[in-house]
Amino acid sequence: MLGHTLQTLLEAITLQKHRSLAASSHPVDTEIYVVARHPIQAYIAEDCIRTFNSFGGVWIQVPTPKPLAETIRYGLQDLNSEVQCIGFLPGDQVGITAPKLAGCLQEVLQNLPDFLVPIVGDKAVSPVFFHRRFVPELLELRGEQGGREVLYRYPDCWRKYPVEAGFYQDVDTPEQYDALRVQISKGESSE
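Residue numbers for the sequence shown follow the working numbering, so the first one is 15 and each next one is one higher.
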């Protein structure tokens, strides 16, 4: 699933950069940090690896499972001093689309909010983007605490970004993965 999510992210960044150029605004550099259990080649093809590298992608391989807070620290450890916002995108979030994610990126880059929070109804979903000033609090997380611990301390600082329910669909079990494959194959056969 990480391969699908990463490919979608690369497409979204490419789309966002094209939109910025079309709007005559100057493109903003985007950095990608991925924390994963296996080498990048296990997840995406060579052409996507080249795109990942062209965006300054950093692959952090951690071969054993780690608590969520530790995974977040791995991703924040060598943060470029020019980075203004950080987004966390779970690798199993298969419902995300490149156009909608590009929209999130554009919203972040244009407004630099404290938090950009995709919303379905009244529910906050991933990926959430955090302004850099919240990095110290993210680094203080422990165990299975995730970014939501920080996010929910500041509900008045959220910039809400409406998305459809399928946007945050994730796959957590082999059964869910098999069901998704069946759904995709039915969709492809009906086209």
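Heads up, the beta-carbon is just placed ideally off N, CA and C, and yes, glycines get one too.
Given a threshold of 16 other Cβ atoms within 10 Å of its Cβ, counted over all protein chains shown, does residue i qualify as buried or as exposed?
| i | result |
| --- | --- |
| residue 187 | exposed |
| residue 150 | exposed |
| residue 100 | buried |
| residue 272 | Residue coverage of the chain in this structure runs from 15 to 205, which leaves residue 272 outside it and unanswerable. |
| residue 46 | buried |
| residue 168 | exposed |
| residue 107 | buried |
| residue 49 | buried |
| residue 155 | buried |
| residue 153 | exposed |
| residue 202 | Low local confidence applies: a pLDDT of 47 at residue 202 is under 50, so the model's placement there is unreliable, with the coordinate-based value given in what follows. By the 10 Å Cβ count, residue 202 comes out exposed. |
| residue 196 | exposed |
Does the Cβ-Cβ distance between residue i and residue j come in under 9 Å?
| i | j | result |
| --- | --- | --- |
| residue 183 | residue 109 | yes |
| residue 26 | residue 116 | yes |
| residue 52 | residue 77 | yes |
| residue 165 | residue 134 | no |
| residue 127 | residue 171 | yes |
| residue 103 | residue 30 | no |
| residue 105 | residue 16 | yes |
If you compare alpha carbons, which of the options is closest to residue i?
| i | options | result |
| --- | --- | --- |
| residue 18 | 111, 73, 172 | 111 |
| residue 173 | 129, 155, 106 | 129 |
| residue 95 | 163, 31, 146 | 146 |
| residue 136 | 56, 50, 176, 15 | 176 |
| residue 75 | 69, 68, 57 | 57 |
| residue 157 | 190, 82, 196 | 82 |
| residue 71 | 16, 162, 24 | 24 |
| residue 144 | 190, 97, 67, 189 | 97 |
| residue 69 | 28, 125, 32 | 28 |
| residue 118 | 185, 67, 181, 92 | 181 |
Segments assigned alpha helix (DSSP H), at least 4 residues, entirely inside the stretch 80 to 153: 82 to 90, 112 to 125, 149 to 153
Okay, do the stretch 58 to 69 and the stretch 80 to 98 touch, 3+ Cβ pairs below 8 Å being the bar? no
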